[in-house]
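Peer 1: If you scroll down you'll find the structure; I have some questions about it.
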Amino acid sequence: TQSTWGLNRMFLQRAVLVSVVGLVFVSAVDNGLGLTPAMGYNTWNDFRCDNITAVNIKLVADKMKAMGLDKVGYQYINIDDCWAVSRDSNNVIVPDPAAFPDGMKAVADYVHSQGFKFGIYSDRGNFTCAQRPGSLTFETIDANTYASWGVDYLKEDSCYASSDHDTAFANYETMRDALNKTGRPIYFSLCGWSNWYAPVGWGIANSWRIGGDVNEWQSAWNAISINRYLASYARPGGWNDPDMLVGSNPKAAVSLTPVQSRTQFTLWAVMAAPLLIGSNILSMSDFDLETYSNTEVIAVDQDELGIQGDVVWQNCPVVELEILRQEAQTRKFSAVPPCQQIWAKRLVGNTFALAFANFDSADTTLQCDAHCLQSLGFKGAVHVRDLWEHQDLGALTSIQVAVPGSGGSVLLRLSDASVEPADQALIA
């Protein structure tokens, strides 16, 4: 276990390096997108393959607009698998005519009319995961088709495709280049479900999946644990993607407890992860809406420095990356250990987000004492704000918080108490 503050110097050095790199370079995908992690909605954790229709996508757009999710940063409404049925005589991909009787462009136009951007799904192999047509050898045709429909986001999966690393990279690079040649800015989401995409991901896509699907708390823990190893690869233009958000609504295809779903949102924000809602939009609970519309937490995720946070203290067991990868590939996940973590993410103005997570079943108290604060670069008292309670907690030299059990969390924002709040944004 790691129960000291010894790794913080490395964390801070990396934070400075990544912030400089992120400010100097633009995305190697060369599409000008993803300068902050993508925010939106995806159908998979909500519908799976059931009822993927134009009617339901329009209803989702209407409901997201009515709930004001567009006003807090959610841009994309993305259709996942199960929309395509075949290719025509010119090899152009064909949407399900029963589900999309007016074609896909009509759906994209409607989503755009509601103020959102429109995303769609493909696969680098011969077939998608649901055995619909894949894009292998059809990348140029598909990219041009998507651009003509008004697509703004493409998720490309990795089913029925070669497991050879170089072949996988080449497949995704082919689609990257095809998308760029259309002249339409299309956010490219690489979905290869493995950590080995991270070292090269920034040169291929705007985000890359680092593990398997998050369907339950054990797989969320696996994704969190894998992503810790990959923090240095994330920066503006390209992000580690630990998978989509899982809400607490049992009407969705998958769900977590309310406490767990809120902690997922907290940790995804600290990890600078894409925030793609997978909860049931059409009957979203007040609790989930409150979670996903918390602008103070969203600001942590969308911070312009683009630094992925990391654990600065934990008593959780450290599992080797290869073991975690194998768990993700086989979906044989270890039990979530009864332990705690403290995460830190450097933000603009020399401020920090500090997240306390409790994976034990029992409630607990966690502390970031004076030594902890010093390790983050603070020399004295810090202003502390609770981002879920929306409360200022005053100027403190030591922070102690009660954290609920069974996946509970607390998220704070820290700033130097010796600096006037109006001057925080002026600090480089």
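Take the position in the sequence shown, starting the count at 1, then add 113; the result is the number in the numbering used here.
Heads up, the beta-carbon is just placed ideally off N, CA and C, and yes, glycines get one too.
#1: What separation, rounded to the nearest whole angstrom, lies between the Cα atoms of Leu434 and Tyr342?
#2: So the candidates are Tyr259, Phe301, Ala260, Tyr310; which of them puts its Cα closest to the Cα of His278?
#3: Quick check on Ser140: buried or exposed, where buried means 16 or more other Cβ atoms within 10 Å of its Cβ?
#4: What is the residue span of the beta strand (DSSP E) that His503 lies within?
#5: Taking the straight line between their C-alpha atoms, what separation do you get for Gln453 and Asn155?
#6: I'd like the span of the alpha helix (DSSP H) that includes Val220, first residue to last.
#7: Please classify Thr370: is it buried, with 16 or more other beta-carbons within 10 angstroms of its beta-carbon, or exposed?
#8: According to DSSP, what are the bridge partners of Ala197?
#9: Is it the case that the segment 173-182 contacts the segment 367-386, given that we only count it when at least three CB pairs across the two stretches are under 8 Å?
#10: Using 8 Å as the threshold, is the segment 240-259 in touch with the segment 187-195, meaning 3 or more CB pairs across them?
#11: Ignoring anything shorter than 3 residues or poking outside the segment 423-458, list the beta strand (DSSP E) runs there in chain order.
#12: Kindly confirm or deny that the segment 353-366 and the segment 471-482 touch, where touching means at least three C-beta pairs closer than 8 Å.
#13: Give the straight-line distance between the Cα atoms of Leu136 and Pro349, rounded to the nearest whole angstrom.
#14: Out of curiosity, what's the CA-to-CA distance linking Val410 and Ala382?
#15: So, are the CB atoms of Ile455 and Phe472 less than 9 Å apart?
#16: Is Trp330 helix, strand or coil by DSSP?
#17: Is Ser307 buried or exposed, if buried means 16 or more other CB atoms sit within 10 Å of its CB?
#18: On the CB-based measure, 16 or more other CB atoms within 10 Å of its CB, does Val516 come out buried or exposed?
#19: Comparing C-alpha positions only, which one of Arg200, Val224, Asn203 sits nearest to Asp183?
#20: Using only the alpha-carbon positions, how far apart do Arg444 and Ser271 sit?
#21: Straight-line CA distance for Asn164 to Leu358?
#22: If we ignore side chains and look at the alpha-carbon of each, how far apart do Tyr234 and Val495 end up?
#23: Taking just the CA atoms, how far does Ala212 sit from Ala336?
#24: In chain order, what residues of the same chain lie with their CB nearer than 8 Å to the CB of Lys178, ignoring the 5 residues before and after it?
#25: Apart from the five residues on each side of it in sequence, which residues of its chain come closer than 7 Å, Cβ to Cβ, to Leu148?
#26: How about Ser275: is its C-beta nearer than 9 Å to some C-beta of chain B?
#27: Along the beta strand (DSSP E) that carries Gln513, what are the first and last residues, could you check?
#28: With a 10 Å radius around its C-beta and 16 neighbouring C-beta atoms as the bar for buried, classify Ile436 as buried or exposed.
#29: Classify Pro210: buried if its beta carbon has 16 or more other beta carbons within 10 angstroms, exposed otherwise.
#30: In whole angstroms, what is the alpha-carbon distance linking Asn257 and Asn293?
#31: For Ser361, name the three-state secondary structure that DSSP assigns.
Peer 2: In short, the structure shows the following:
#1: Distance between Leu434 and Tyr342, taken at the CA atoms: about 7 Å.
#2: Taking the Cα of His278 as reference, the smallest distance to any Cα among Tyr259, Phe301, Ala260, Tyr310 is reached at Tyr310.
#3: The predicted model places Ser140 with a pLDDT of 42, which falls under 50 and marks its position as unreliable, so this point remains unresolved.
#4: Unbroken run through His503: none, as it is neither H nor E.
#5: Distance from the CA atom of Gln453 to the CA atom of Asn155, rounded to whole angstroms, is 30 Å.
#6: The continuous alpha helix (DSSP H) containing Val220 extends over residues 217-226.
#7: Counting the other CB atoms within 10 Å of its CB gives Thr370 a total below 16, which places it among the exposed residues.
#8: Pro208.
#9: The segment 173-182 and the segment 367-386 do not touch, with fewer than three beta-carbon pairs separated by less than 8 Å.
#10: With a cut-off of 8 Å, the segment 187-195 and the segment 240-259 count as touching, because enough Cβ pairs lie within range.
#11: 423-427, all fully within the segment 423-458.
#12: No, because fewer than three Cβ pairs between the segment 353-366 and the segment 471-482 fall closer than 8 Å, the two stretches do not touch.
#13: Interpretation of Leu136 is limited by its pLDDT of 40, a score under 50 that renders its predicted location unreliable; no figure is taken from the coordinates.
#14: Cα to Cα, the separation comes out at about 7 Å.
#15: In terms of Cβ geometry, Ile455 and Phe472 do not form a close pair [threshold 9 Å].
#16: Of the three classes helix, strand and coil, the one that applies to Trp330 here is helix, per DSSP.
#17: Only buried fits Ser307, as 16 or more other CB atoms lie within 10 angstroms of its CB.
#18: Val516 should be labelled buried.
#19: That would be Val224, whose Cα lies nearest to the Cα of Asp183.
#20: Approximately 16 Å between the Cα atoms of the pair.
#21: Cα-Cα distance, rounded: 20 Å.
#22: Using only the alpha carbons, I get a separation of about 45 Å.
#23: Distance from the CA of Ala336 to the CA of Ala212, rounded to the nearest whole angstrom, comes to 33 Å.
#24: Excluding sequence positions up to five before and after Lys178, its CB lies within less than 8 Å of the CB of Gln227, Gly228, Phe229, all in the same chain and listed in chain order.
#25: Residues Pro349, Gly350 of the same chain have their beta carbon placed closer than 7 Å to that of Leu148, with the five preceding and five following residues left out of the count.
#26: This model lacks chain B altogether, as it is built from one protein chain only.
#27: Boundaries of the beta strand (DSSP E) harbouring Gln513: 512-516, taken from the DSSP string.
#28: It is exposed - the Cβ of Ile436 has fewer than 16 other Cβ atoms within 10 Å.
#29: By the C-beta density criterion, Pro210 is exposed, having fewer than 16 other C-beta atoms within 10 angstroms.
#30: So the alpha carbons of these two residues sit roughly 10 Å apart.
#31: Coil, per DSSP.
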